[in-house]
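Numbering (this note's numbering), first residue to last: 924 to 1191. Built from N, CA and C at the ideal position, the CB exists for glycine as well.
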């Protein structure tokens, strides 16, 4: 007998609350490096939200300690305000269109500050801890809680996992994730891949898996963190599946598949 389907909305989790264009002061020391050398060091950064999911840093131009900006002569209109594009030069390294200087008419506190493309530098630090992917959102909470919920995972009618318990991860703006002990996953139907992703809250993944069913291959639908950040230690070594791409039954109820979360619907 098929599992009963939950009738509550697919998005049964808190959404993002910060509007595009919002800014706030950053109380943390922010540093960045290119080719192993510091290019900025500031205690005066501001968060700027170009989409509701997470902010970026914008810093006073004078806090670029080991780099220079080269004006590219182009302007763009973003939701937080107009910007002028610049290249970033650090020694012999030139990274084009890597910096945006906010112009008159920008959101509070942004005018005259510079927002760097995240990947234009090699490493970012908040205080003395490296930060990956994007700044940590001060309005995002991430909790990993042990749970006695039973979780079944299926795709194309093929059972991939049946776990008597799990670790639930609640992250603001994202569906609840269910991390399972690998002994409860049918690894004969899972194929490891070389994919690696990073999260500012959890760290770097140590593995991804694709599922092989009689209907085909579902690439990179599960992942694990063998060495998560200290805040997310309960998920260490456990495997998680994308709610959006599999059929999840939790305590006998089939969860609706949530829509993927994307910044594509928001303008800069």
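Three-state secondary structure (DSSP) of residue i
| i | result |
| --- | --- |
| residue 1087 | coil |
| residue 1158 | helix |
| residue 1045 | coil |
| residue 1111 | helix |
| residue 985 | helix |
| residue 1153 | helix |
| residue 1169 | coil |
| residue 949 | coil |
| residue 943 | coil |
Own chain, CB closer than 6 Å to residue i, minus 5 neighbours either side, in chain order
| i | result |
| --- | --- |
| residue 1063 | 1095 |
| residue 1162 | 1103, 1105, 1108, 1145 and 1147 |
| residue 994 | 1009 |
Outcome for residue i when other beta-carbon atoms lying within 10 angstroms are tallied against a minimum of 16
| i | result |
| --- | --- |
| residue 1020 | exposed |
| residue 1006 | buried |
| residue 1086 | buried |
| residue 925 | exposed |
| residue 1000 | exposed |
Spatial neighbours of residue i in its chain, beta-carbon cut-off 8 Å, leaving aside the 5 residues before and after
| i | result |
| --- | --- |
| residue 984 | 992, 1024, 1035, 1036 and 1037 |
| residue 1124 | 1059, 1063, 1065, 1094, 1152, 1154 and 1155 |
Identity of the residue in the options nearest residue i by Cα
| i | options | result |
| --- | --- | --- |
| residue 1004 | 971, 1122, 1072 and 925 | 971 |
| residue 1116 | 1133, 1100, 1175 and 1123 | 1133 |
| residue 1098 | 1179, 1075 and 1123 | 1179 |
Nearest-angstrom beta carbon gap, residue j and residue i [assumed within contact, 8 Å]
| i | j | result |
| --- | --- | --- |
| residue 1155 | residue 1076 | Not quite, the Cβ-Cβ distance comes to about 21 Å (not below 8 Å), so this is no contact. |
| residue 964 | residue 988 | 5 Å |
| residue 1091 | residue 1101 | 6 Å |
Close-in-space but distant-in-sequence residues of the same chain around residue i (CB under 7 Å, 5 per side omitted)
| i | result |
| --- | --- |
| residue 940 | 1062 |
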